[in-house]
Each structure stands twice: as C-alpha cells, then as structure tokens.
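Worksheet for the structure shown next.
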DNA sequence: TATCTATATTGACAAACATCGATTCAAGGT
DNA sequence: ACCTTGAATCGATGTTTGTCAATATAGATA
C-alpha cells in the first residue's frame, strides 16, 4: 500500500492547472478560424504577397500572370474567397478589375497575437 | 478614331502596377500556408486559447473536458496536428499527457505580419 | 498477471476544398 | 451589330479534412 509515490500521484484538477477563462471563445474563435481558413492556401498567400508588395492596385490579369501554374478560373475563385473574407477589394474599371489588399488583414492578425499573448 | 479616351485606355503593364518581387515566395509561402492550416479550425483555436490562458501545462483530460461537444479521439487528433505543426508540445508524465503552447506560434505569426508589412 | 484509466491509433464516412474545361458575362473596339 | 478580350460562373472531379466508433497502447494499481 502506497510504498512510494508514483510520478503523478494526484489527478490533475482544474484548479491546479486549468484557466478559468480561455483566451479565445465563442465569436472570436469563429472569426479567427474564418480568417485563417482564408490564409491557409499557398495560392492565396501568393496573391496577398503580390498585393502587399504593390502597395496599391494590381489588376487580375497580372495576378494570373504571376501564378502561371494555375488556370484563370482557379485564380478567380481564390480572389472571390479573398474578397468574401474581406482580405482584398476588387474594383472594375473598364475591362480590367483591380485588386487591393485590405488593411483589415494585418489588424486582424495582430488582434490574434494580442488575444494569445493576452 | 480615338474621339475620346476610354476609362482605361492603357493595358495595365507590369511596370505600371506590378511589383518586381512579391513579399511571399517559395518556401515562405509553404511555411505560412502550413501554419495557417494548423490555425484554420475552431477546435484547434480553442485548444490554443486554453493553453495560452494557462500559461503552462494543461493535461489532455482537461482539454477534453472543456471541449465537451467532441469525442476524445477527435481532440486527440487535433492535438496531434498541433504537435506536428510545432504549435504545442506534449509531455507524458505517468498516466497523463501535459500540453504546452509553443512559443514559436506567436513568433511565426508575427513574421507573417512583418512579411506583409514589408 | 490481471485490471483499470488516460491517451493514441485505425478505419470508415461525409463534407469541404482546390482544380479544371466549358460557358457566360461585361466592356470596348471595329 | 459584331467581334475581341478580361474576368466570373458553372459543373464535374479528385483530394483533403473533421468526425466518430472501435480498438490498441501506455502506465499505474492491486
């Protein structure tokens, strides 16, 4: 009977190791998950990297030109997802559509850093 | 012939609107996409939020306790993905396995912010 | 050894996603 | 009107992903 203490004699209790309130809850979890889903694709990151470097508008034709290994419909599809997620905006002028990085991208990512860091 | 200039008379040329070098390329794109895939799930974000708030170890049993709407194998699966992505570390002590948030999470996210911001 | 508990693994399945070819839509030029 | 070009949409397809029930593994206790 209890000749020696096991490595972890005590069952871990919530009071011993668990936070009362997690740092990501409810709506925030959904919003960040949605944001990161938008960022969780190589093609979309390439597009964002292009727009960030341009510091302004880039027309869809140039985006397609840079991402040469994918078809036009595929890139259009990714642009749509980025628009819906609010990470870019697209404006049609004449024949062309010009895309711009939305500032909300950086602010939302920074919000995540703050939420985790507390 | 050319009675008046159309809204966008000139075809957008790379030199007019395109950056010479995008801000996310090659390996960096892959690494960030992999990171964001790890973050692109509500359950995994909840787990990370728990670990962040705990500021230390949390045993798997408490994680499962907090995320009550999912089965134990499902949570174990997410913990595995987080481990493989280097976002958490797990250490077995006796019967229990204790998880900790890896510091690399914040640094990697901040790297992304810097890359986009230039 | 046998047994109990905590965690991980396996196998199956449905839903979500990335991709493409074909088509459509929008706008300008002839 | 017609044609041309840039971009979006549609429909189909193969892959990835989240989930669970069942089972296996690791470690402690008896």
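Protein chains in written order, with my numbering: chain E, 1 to 118; chain S, 1 to 118.
For each residue, glycine too, the CB sits at the ideal point set by N, CA and C.
Owing to the predicted nature of the structure, the values given are computational and were not obtained by experimental measurement.
When only Cα atoms are considered, residue 92 of chain E and residue 40 of chain S end up about 31 angstroms apart. In the structure shown, the three-state DSSP call for residue 92 of chain S is strand. Residue 105 of chain S and residue 44 of chain S do not touch by the CB rule: their CB atoms are close to 11 angstroms apart, not below 8 angstroms. For residue 75 of chain S, none of the residues of chain E pass the 9 angstroms Cβ criterion, the least Cβ distance being about 14 angstroms.
Under the three-state reduction of DSSP output, residue 101 of chain S falls in the strand class. The alpha helix (DSSP H) runs lying completely inside the region 22 to 86 of chain S and spanning 4 residues or more are 26 to 39, 42 to 54, 60 to 66, 72 to 84, given in chain order.
Linking residue 103 of chain E to residue 38 of chain E through their CA atoms gives a straight-line distance of about 15 angstroms. With contacts defined by Cβ atoms closer than 7 angstroms, residue 57 of chain S and residue 100 of chain S form a contacting pair. For residue 53 of chain S, the nearest beta carbon of chain E is closer than 7 angstroms to its own beta carbon. In the displayed model, residue 118 of chain S falls within coil according to three-state DSSP, outside both helix and strand. Contacts with chain S at 7 angstroms (Cβ-Cβ) do not include residue 80 of chain E. In chain order, 40 make up the part of chain E whose C-beta sits under 7 angstroms from the C-beta of residue 37 of chain S. Between the alpha carbons of residue 23 of chain E and residue 51 of chain S lies a distance of about 9 angstroms. With its beta carbon at least 7 angstroms from every one in chain S, residue 60 of chain E lies outside the interface. Taking C-beta separations shorter than 6 angstroms and ignoring five residues to either side along the sequence, the partners of residue 87 of chain S in its chain run 38, 102, 105, following chain order. Setting aside the 5 residues that flank it on each side, residue 64 of chain S is surrounded in the same chain by 72, 75, each with a C-beta closer than 6 angstroms to its C-beta; the list follows chain order.
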